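Following: one structure in structure tokens, then a few remarks.
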Amino acid sequence: DAAHVLDRDCTTLSRHVLQQLQSFSAEAQDLSALMNRIALAGKLIARRLTRAGLVEDALGFTGRTNVQGESVKKMDIYANDVFISVFKQSGLVCRLASEEMEDPYYIPENCPIGRYTLLYDPIDGSSNVDINLNIGSIFSIRRQQGDDLDQKATDLLQDGHQQLAAGYILYGPSTVLVYSIGRGVHSFTLDPSLGEFILSRENIQVPAHGANYSVNEGNFWQWDDSIRDYIRYVHRHDGYSARYSGALVGDFHRILMQGGVFLYPGTRKRPEGKLRLLYETAPLAFLIEQAGGQASTGTQRLLDVVPSELHHRTPLVIGSPEDVALVESFIQERRRQE
Ligand code: P6P
9 DAAHVLDRDC TTLSRHVLQQ LQSFSAEAQD LSALMNRIAL AGKLIARRLT RAGLVEDALG
69 FTGRTNVQGE SVKKMDIYAN DVFISVFKQS GLVCRLASEE MEDPYYIPEN CPIGRYTLLY
129 DPIDGSSNVD INLNIGSIFS IRRQQGDDLD QKATDLLQDG HQQLAAGYIL YGPSTVLVYS
189 IGRGVHSFTL DPSLGEFILS RENIQVPAHG ANYSVNEGNF WQWDDSIRDY IRYVHRHDGY
249 SARYSGALVG DFHRILMQGG VFLYPGTRKR PEGKLRLLYE TAPLAFLIEQ AGGQASTGTQ
309 RLLDVVPSEL HHRTPLVIGS PEDVALVESF IQERRRQE
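Each residue of the sequence shown is one higher than the one before, starting from 9 at the first, in the UniProt record's numbering.
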């Protein structure tokens, strides 16, 4: 019978969003359409990546540096422009803010309709592109507040609770899209033969504790004593495994699925850390809290942080509640001693 025709009850992303909201309100329709555009961007980027070694303009550097002072890779630009083009057609997004662009990109003809803003890191971990290791795209959707006539996008400088939706696309052995619109965290796997993201895991809950701790220990002597205390603790105790790929999305996905903690602490030189709030740490914090986990700067709940500017950076401690609490306990202990 029909049930056996399909491998599984193919729940596509757009259908899932509408089911999530159990309504067909204007916002539900908008979010479903927005998620569909993100899925399209993911498919276009995944397709380019699978041929990275074969097509001329996918590997290597452009010779430019971005607002972060990082050398820009061809794939960064391609992915950045893919999101702009799929949202131009959508009519829903009138501003896009990206790691790759100093200022937001405006699509004025879309403003009267959608009034949504996409904040994204088009290719996170792009150093992995040339060595065929996992990379990701991170996204967050906020509603535009006010008319932003001066195009300063100051309404974006609000805490992470303003996010309507957040998620990422992980380009790994399979392409996985993980998202939340505030009703749990769900993952979809791209079926290339269908060209559709099909529901693979619903209501993902991060384990209360996990063995993985994910941090770049090469920075050990740059850290505060509190982080070194935590690292010495996990070195001395059985049951911990170091896992670090150098690409945030893959390292986060491992923590979400298996538990544990990912850290990118501040250093003496850069106390605010490396990762950016609006399109990296805040979307992941939204997700991990929806999955029953925690995210902090080490001293403050991540979703409460108010950015001072578009490319605001924060330290990050994110993952299983027990493991995040353990890191924070070392920070609190050192503060008590000061
Ligand atoms: P480090 C990649 O450049 C990135 O932004 C994240 O994807 C990743 O977690 C981090 O930086 C890696 O930084 O300093 O450990 O190489």
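Glycine included, each C-beta is placed from N, C-alpha and C at the ideal position. Note that the structure is predicted; figures quoted are calculated from it, not measured.
Same chain, Cβ closer than 7 Å to residue i, neighbours up to 5 away in sequence not counted
{"i": "G180", "result": "N142 and G258"}
{"i": "A41", "result": "S98 and L100"}
{"i": "H24", "result": "H194 and L207"}
{"i": "L26", "result": "F32, A36 and S40"}
{"i": "V94", "result": "R45, L48 and A49"}
{"i": "Q230", "result": "T275, R276 and K277"}
{"i": "residue 6", "result": "For the chain, the structure presents residues 9 to 346; residue 6 sits outside this window and is missing."}
{"i": "N118", "result": "G99, L100, V101 and C102"}
{"i": "K51", "result": "L198 and G203"}
Expected contact under 8 Å - CB spacing of residue i and residue j to nearest Å
{"i": "R123", "j": "R151", "result": "6 Å"}
{"i": "T289", "j": "T322", "result": "5 Å"}
{"i": "D129", "j": "Y287", "result": "5 Å"}
{"i": "S188", "j": "L311", "result": "13 Å between Cβ atoms; not a contact."}
{"i": "L165", "j": "T125", "result": "With 8 Å as the limit, L165 and T125 do not qualify as a contact, their Cβ atoms being about 12 Å apart."}
{"i": "S145", "j": "I115", "result": "Rounded, the Cβ-Cβ distance is 19 Å, inconsistent with contact."}
{"i": "V90", "j": "H319", "result": "About 21 Å; that fails the 8 Å criterion."}
{"i": "G175", "j": "V313", "result": "So it is not a contact: roughly 19 Å between Cβ atoms."}
{"i": "A255", "j": "G133", "result": "3 Å"}
{"i": "A105", "j": "A161", "result": "7 Å"}
{"i": "V223", "j": "L271", "result": "4 Å"}
{"i": "A299", "j": "Q213", "result": "6 Å"}
{"i": "G281", "j": "P291", "result": "Not really, about 16 Å apart at Cβ, beyond 8 Å."}
{"i": "I92", "j": "E108", "result": "Not quite, the Cβ-Cβ distance comes to about 10 Å (not below 8 Å), so this is no contact."}
{"i": "I149", "j": "Q170", "result": "About 10 Å separates the two Cβ atoms, so there is no contact after all."}
Cut-off 6 Å between Cβ atoms - residues of its own chain near residue i, not counting five sequence neighbours on either side
{"i": "G306", "result": "P323, V325 and I339"}
{"i": "V13", "result": "Here the model assigns V13 a pLDDT of 47, short of 50, so the residue's position is not dependable and the matter cannot be decided."}
{"i": "E341", "result": "none"}
{"i": "L198", "result": "T183 and F205"}
{"i": "M43", "result": "L21 and V25"}
{"i": "E210", "result": "H194"}
{"i": "L29", "result": "A36"}
{"i": "V242", "result": "Y221 and Y248"}
{"i": "V186", "result": "G175, Y176 and S195"}
{"i": "D233", "result": "R342"}
Per DSSP, cross-strand counterpart(s) of residue i
{"i": "R191", "result": "Note: R191 sits in no beta bridge, so no partner."}
{"i": "E346", "result": "In the DSSP output, where bridge partners are listed per residue, E346 has none listed."}
{"i": "T322", "result": "Looking at the DSSP assignment, T322 forms no beta bridge with any residue, so it has no partner."}
{"i": "D129", "result": "I146"}
{"i": "R151", "result": "Y124"}
{"i": "T162", "result": "Note: T162 sits in no beta bridge, so no partner."}
{"i": "T19", "result": "Note: T19 sits in no beta bridge, so no partner."}
Neighbourhood of residue i by C-beta, 8 Å cutoff - its chain only, sequence neighbours within 5 removed
{"i": "G218", "result": "I263, Q266, G267, G268, V269, G327, S328 and D331"}
{"i": "L57", "result": "A66, M83, V137, I143 and Y179"}
{"i": "G154", "result": "D163"}
{"i": "Q159", "result": "D111, P112 and Y114"}
{"i": "T73", "result": "S79 and V80"}
{"i": "G61", "result": "L67 and N140"}
{"i": "V335", "result": "I235, Y238, V269, L271, G306 and V325"}
{"i": "N227", "result": "P273 and T275"}
{"i": "I156", "result": "Sequence check: residue 156 is Asp here, not Ile. For D156, where only same-chain residues beyond five positions count, the Cβ hits under 8 Å are R103, T162 and D163."}
{"i": "D38", "result": "L100, G122 and Y124"}
Any non-hydrogen atom of ligand 3 closer than 6 Å to residue i Cβ
{"i": "A255", "result": "As far as ligands go, the structure on display features ligand 1 and does not contain ligand 3."}
Worksheet item: What are the uninterrupted segments assigned as alpha helix (DSSP H) that are 4 or more residues long and contained completely in the region 26-85, given in chain order?
Response: 34-58
Discussion item. As an exercise, report each continuous beta strand (DSSP E) stretch of at least 3 residues that is fully enclosed by the region 247-318, in chain order.
Written reply: 268-272 and 302-304
Practice prompt. Note down, one range per segment and in chain order, each alpha helix (DSSP H) of at least 4 residues found wholly within the region 81-120.
Written response: 82-98
Practice prompt. Starting from the N-terminal side, write out each stretch of the alpha helix (DSSP H) that is 4 residues or longer and does not extend beyond the region 165-241.
Written response: none
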